[in-house]
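To keep things clear, I will list the structure first and then write my remarks on it.
Residue numbers (UniProt numbering): 1 to 479.
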């Protein structure tokens, strides 16, 4: 009884002390609140609302008011803690079903986010390490390691610390380092999402990162990113490896609930969230648009802007300016600032790639470049560059520049030319016919073409405007 009365007395003293400190502005020792104290902390405004209990002294400097700290949040009842007995049983079943193949690579590379808004960066760094993507930045000493604070190429790190990254920015950042398939929830069925869950969790060479609303899971906060570690097909539940371990543990959630949590619109972009499928092929060098300069006359370049150029800007320019010859059409396309920047980074990446491959691989690259010069489209592009050289002080005489411009026009999606006159479209189809290409050139053109189609499908949707006949642009990222 004495022990109970002592505890009650201490609680009353502590409550009155906090009430007085809030009302007077006096600084008091900071108290940490664990998960068991969270609900009590919410009662503080109620306890301090009765002004008759304390003297009416005005508040002083806000910095002197005590700050409340939290040690995690309790999981809502609709989620199952991974470390609980039920969570362990769900994981055991997933493992036996063959739907936890990638978990061990992810867990061996798992690290919680270093800033409250770093969930996207942390999720990506975990997956890049699990995929063993080459080219990681120097972490500490001689060691290279993908780490959230070092993924700062697409968006300034200080900006990410303040507000995180949106769906489009994450897609751009991921695309700069590995192969990415981007799926918006409102354009993907629940059945497709579950099918992707099964496919990803049955392999260890491809991983899923979901972008979802915490509020839809009855958690505190809103937008969040996390990798998926396993899938239990019997219970239709997926393991979310939460990167904010200081807030929530990893947990199993219903796949239906996860799908629904990706549908709410992001307040910043006005678009739904979704998920990403990430993989890595060492022989397939990722193109980093973050290397492109935005200084001077160069535009700010990212995958969304490039998708918009393919889908809307260039077709509209071709429609309005109505080129009469193939040379005029090629000039309009190749002098677009975004396309010029892309050609530059393609050329730089391939030249750097030659330094990293074997002697036989370098011979293959040289063969490819020579094969481009033998194609019928090459002299036309060469003529375009020669005429541009006569009218400007810029250097357009570089042979490699002509080669890569030709390779680009051989590979770009046909939607780029849809607004041209039918006769010009026929001419381009003739010059782009892959039947006349060497096997080496045909393989490279097919590879680049598929990548550009994936770009357009992932970052924009093109629909024909019935009135103008032009391509309407709807971006998968932020508009």
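Backbone N, C-alpha and C fix where the C-beta goes; we use that ideal spot for every residue, glycine too.
Residue 148: not part of any beta strand (DSSP E); DSSP gives it neither H nor E.
The alpha-carbon of residue 158 is positioned some 36 angstroms away from that of residue 404.
Look at residue 96 here: in three-state DSSP terms it is helix. For residue 187, same chain residues with a beta-carbon under 6 angstroms away, outside a window of 5 residues either side, do not exist. For residue 265, the beta-bridge partners assigned by DSSP are 272. The Cβ atoms of residue 216 and residue 264 lie closer than 7 angstroms to each other. For residue 339, the secondary structure class from DSSP, reduced to helix, strand or coil, is helix.
Per DSSP, the unbroken beta strand (DSSP E) holding residue 254 starts and ends at 251-254. Look at the beta carbons and you see the stretch 427-437 touching the stretch 367-376: at least three pairs across the two are nearer than 8 angstroms. Within a 10 Å sphere around the beta-carbon of residue 162 sit fewer than 16 other beta-carbons, which makes this residue exposed. Here DSSP, grouped into helix, strand and coil, assigns residue 160 to helix.
Shown here for residue 254: same chain residues with a beta carbon closer than 6 angstroms to its own, the five before and five after excluded, namely 237 in chain order.
Following the DSSP letters along the chain, one finds residue 430 inside the alpha helix (DSSP H) bounded by residues 422-431. Around the beta carbon of residue 116, a 10 Å sphere encloses fewer than 16 other beta carbons of the protein chains shown; the residue is thus reported as exposed. In this structure, residue 108 lies away from residue 167, with their beta-carbon atoms at least 7 angstroms apart. DSSP places residue 417 in no alpha helix (DSSP H); its state is neither H nor E. Residues 222, 261, 264 of the same chain have their beta carbon placed closer than 6 angstroms to that of residue 213, with the five preceding and five following residues left out of the count. Restricting attention to alpha helix (DSSP H) runs no shorter than 4 residues, the stretch 72-133 encloses them at 85-97, 103-108, 119-130, ordered along the chain. Within the same chain, 183, 208, 275, 277 come within 8 angstroms of residue 196 by CB-CB distance, once the 5 residues on both sides are set aside. Taking C-beta separations shorter than 6 angstroms and ignoring five residues to either side along the sequence, the partners of residue 334 in its chain run 405, following chain order.
Apart from sequence neighbours up to five positions away, the residues of its chain that approach residue 181 with a beta-carbon distance below 6 angstroms are 277, ordered along the chain. In the DSSP secondary-structure assignment, residue 208 is bridged to 277. Annotated as distal: residue 135 and residue 170, with beta-carbon spacing of 7 angstroms or more. Under the 10 Å beta carbon count, residue 270 is surrounded by fewer than 16 other beta carbons and is classified as exposed. Under the three-state reduction of DSSP, residue 445 is assigned to helix. Secondary structure of residue 239 (DSSP, three-state): strand. DSSP places residue 228 in the strand class (E or B) of the three-state scheme. When rounded, the separation of the alpha-carbon atoms in residue 122 and residue 156 is 15 angstroms.
Straight-line measurement puts the Cα of residue 367 at about 36 angstroms from the Cα of residue 125. In this structure, residue 326 and residue 441 do not form a Cβ contact; the two beta carbons are roughly 20 angstroms apart against a cut-off of 8 angstroms. Secondary structure of residue 140 (DSSP, three-state): strand. A residue is called buried when at least 16 other Cβ atoms come within 10 angstroms of its Cβ; residue 321 does not meet this threshold and is exposed. Straight through space, the alpha carbons of residue 324 and residue 129 are spaced by roughly 51 angstroms. Contact check for residue 280 against residue 133 passes: the beta carbons are separated by less than 7 angstroms.
Residue pairing by DSSP places residue 183 opposite 275 in a beta bridge. In the structure shown, the three-state DSSP call for residue 246 is coil.
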